[in-house]
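Numbering (my numbering), first residue to last: 15 to 123. Remarks on the structure that follows.
This is the structure in structure tokens:
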């Protein structure tokens, strides 16, 4: 069983534009988005599946866009490899806006 590829990034770019760019790049590279979670306005996590050989293109596109990210050191595949593999991309957004998270109310009972 292949392990999940885990990537992390931090950026000052607009979180809405970055989110759209990430989703568009995944689709353009013959992959699909499994899930997107927004944690307040400070962080997002995108789970995806891409052909293994396209992850380098994905990372290069993000870096060119201004979202610095690297593949794990152990990730070494041929660009033409077509097997699919899942990954998660966690992006922290650095900005001066106040945190929009709200406390959850207690569950009655």
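Virtual Cβ for every residue (Gly too), placed ideally from N, Cα, C.
Here residue 68 carries a helix assignment [DSSP, helix/strand/coil].
The residue from 122, 107 and 121 with its alpha-carbon nearest to that of residue 54 is 107.
For residue 104, the closest of 65, 45, 89 and 52 by C-alpha to C-alpha distance is 52. Counted as a single uninterrupted DSSP element, the stretch harbouring residue 98 is not any alpha helix (DSSP H) but the beta strand (DSSP E) occupying residues 98-107.
No Cβ-Cβ contact shorter than 7 Å links residue 39 with residue 102. DSSP assignment within the region 33-83 yields the following whole alpha helix (DSSP H) runs of 4 residues or more, N-terminal first: 69-79.
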